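If you count by the numbering used here, then the sequence shown holds residues 27 to 266, one letter each, in order.
Where is the CB? At the ideal position from N, CA and C, for every residue including glycine.
Nothing here was measured: the structure is a model prediction, and the numbers come from that model.
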Amino acid sequence: MAENNLVIKNGIRHVAIIMDGNGRWAKQRGLSRIEGHKAGAKAIEKVLKAADKHSIEYITLYAFSTENWKRPKNEVTGLMGLLKEFLEINTKILHEKETRLRAIGRISDLPFSTRQVLDKSINDTSQYTKRQLILALSYGGRAEIIDGVKKIAEDYKNGKIKEKNINEELFRNYLYAPDIPDPELMIRTSGEFRLSNFLLWQLSYSEFYITETLWPDFDENEFTKAIESYYLRNRRYGGV
Numbered sequence: 027m028a029e030n031n032l033v034i035k036n037g038i039r040h041v042a043i044i045m046d047g048n049g050r051w052a053k054q055r056g057l058s059r060i061e062g063h064k065a066g067a068k069a070i071e072k073v074l075k076a077a078d079k080h081s082i083e084y085i086t087l088y089a090f091s092t093e094n095w096k097r098p099k100n101e102v103t104g105l106m107g108l109l110k111e112f113l114e115i116n117t118k119i120l121h122e123k124e125t126r127l128r129a130i131g132r133i134s135d136l137p138f139s140t141r142q143v144l145d146k147s148i149n150d151t152s153q154y155t156k157r158q159l160i161l162a163l164s165y166g167g168r169a170e171i172i173d174g175v176k177k178i179a180e181d182y183k184n185g186k187i188k189e190k191n192i193n194e195e196l197f198r199n200y201l202y203a204p205d206i207p208d209p210e211l212m213i214r215t216s217g218e219f220r221l222s223n224f225l226l227w228q229l230s231y232s233e234f235y236i237t238e239t240l241w242p243d244f245d246e247n248e249f250t251k252a253i254e255s256y257y258l259r260n261r262r263y264g265g266v
């Protein structure tokens, strides 16, 4: 990894990932889509280890979007079951790595049994400050902005805020996790060049890394490639 002033100035604290390609990975192998999602869950474990090695403080994973509810019922049910299984297996690892688990999105849309397991993992790891794993569940960037606007409108109606005080800084406080810094780097697997309604507000100035690698094949080496790519870029934020 390059050692220069740019690395020191623009170090990575937060990496966001669109985990794409589970279905294609399964199709290539003649497997069911749910088998692809199972393989994708194992890839998460590899990435968490890689993030630990690179001292990344925040990892946000696009685990289930608001649009994913439109998928076949059996696939959605399977994904909710996989989420529970993932949490039950990996909460121990989160403790070992002193990692706090959080979730963003319309969490109330999740099945009750899934929310129970999720809430337990979140509560059990809430004391950690070393690093955070954020799962975007029933999440949509537009939904997050709309939810924030509704909260601002309610506070304005109740006299808690004034119109003149509404700006970007204030609006940020109405996002799902306002204390988390914006991602410096967004990774998308499987070669797709779109945001798919992910962190629309937070990714405004993030660097994008697109790889043809399907998510189940994304490992520590692939993660390191993304990190190294980031450090070769000159981030100007509209300047020169």
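Other residues of its chain near residue i: CB distance less than 8 Å, five sequence neighbours each side excluded
i	result
residue 102	94 and 95
residue 112	67 and 70
residue 19	There is simply no residue 19 to check, as the chain begins at 27 and stops at 266 in what is shown.
Beta carbon of residue i nearer than 8 Å to that of residue j
i	j	result
residue 237	residue 246	no
residue 130	residue 165	yes
residue 257	residue 210	no
residue 168	residue 46	no
residue 151	residue 125	yes
residue 186	residue 200	no
residue 110	residue 134	no
residue 64	residue 108	yes
Residue i - containing alpha helix (DSSP H), residue span
i	result
residue 59	59–79
residue 129	Element bounds for residue 129: not the alpha helix (DSSP H) but the beta strand (DSSP E), 125–130.
residue 164	Counting along the chain, residue 164 falls outside any alpha helix (DSSP H), though it belongs to the beta strand (DSSP E) covering 157–165.
residue 51	48–54
residue 116	99–122
residue 140	138–150
First through last residue of the beta strand (DSSP E) which encompasses residue i
i	result
residue 234	233–236
residue 42	40–44
residue 89	84–91
residue 214	211–214
Inter-residue Cα distance where the pair is residue i and residue j
i	j	result
residue 144	residue 242	23 Å
residue 31	residue 204	With a pLDDT of 35 at residue 31, under the threshold of 50, the modelled position of that residue is not reliable, and the figure given next carries that caveat. So the two alpha carbons sit approximately 29 Å from each other.
residue 231	residue 222	17 Å
residue 244	residue 60	17 Å
residue 97	residue 190	43 Å
residue 206	residue 218	26 Å
residue 179	residue 194	15 Å
residue 160	residue 234	19 Å
Neighbourhood of residue i by C-beta, 7 Å cutoff - its chain only, sequence neighbours within 5 removed
i	result
residue 137	106
residue 171	226 and 227
residue 198	204
residue 29	For residue 29, the pLDDT reaches just 38, beneath the cut-off of 50, and the residue's location in the model is therefore unreliable, leaving the point undetermined.
Cβ-based neighbour list, residue i, same chain, cut-off 6 Å, excluding 5 preceding and 5 following
i	result
residue 43	87 and 213
residue 33	Residue placement at residue 33 cannot be trusted, given a pLDDT of 38 that sits under 50; what the coordinates show is reported in the next sentence. 257, listed in sequence order.
residue 117	147
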